[in-house]
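Position in the sequence shown counted from 1, then plus 362, gives you this note's numbering.
Think of the CB as a built atom: it goes at the ideal place given N, C-alpha and C, for glycine as much as any other residue.
Predicted model only: the values in this text are computed from it and were never measured.
Below is one structure, written out as structure tokens; comments come after it.
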Amino acid sequence: MVEGAAAGLAALAPLRDERTLANTYLLPAVRADLLSQAGRKQEAIVEYERAIALARNETVCQFLLARRATLQRN
363 MVEGAAAGLA ALAPLRDERT LANTYLLPAV RADLLSQAGR KQEAIVEYER
413 AIALARNETV CQFLLARRAT LQRN
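In structure tokens form, the structure reads like this:
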């Protein structure tokens, strides 16, 4: 990422109110990854939990659970 995680989070901010993304895991999963990169571990864990709750696919859910677990261990 050329501009860094903070720039990515800023770019995503307007999408938080996007109705088409409201019931999908995609936005919180991306936010979780960027928050993790920015060193904002607790916020990232919360976003992973939101993404996990919205994930409808077991494979995606397992991936997100693993990412959250990695943050919780560190």
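Here the alpha carbons of Ala400 and Ala368 stand approximately 7 Å from one another.
DSSP places Thr421 in the uninterrupted alpha helix (DSSP H) bounded by Glu420 to Arg435. Closest in C-alpha terms to Leu396, from the list Asn385, Thr386 and Val408, comes Val408.
Secondary structure at Glu380: coil, using DSSP grouped into helix, strand and coil. The alpha-carbon of Ser398 is positioned some 22 Å away from that of Asn385.
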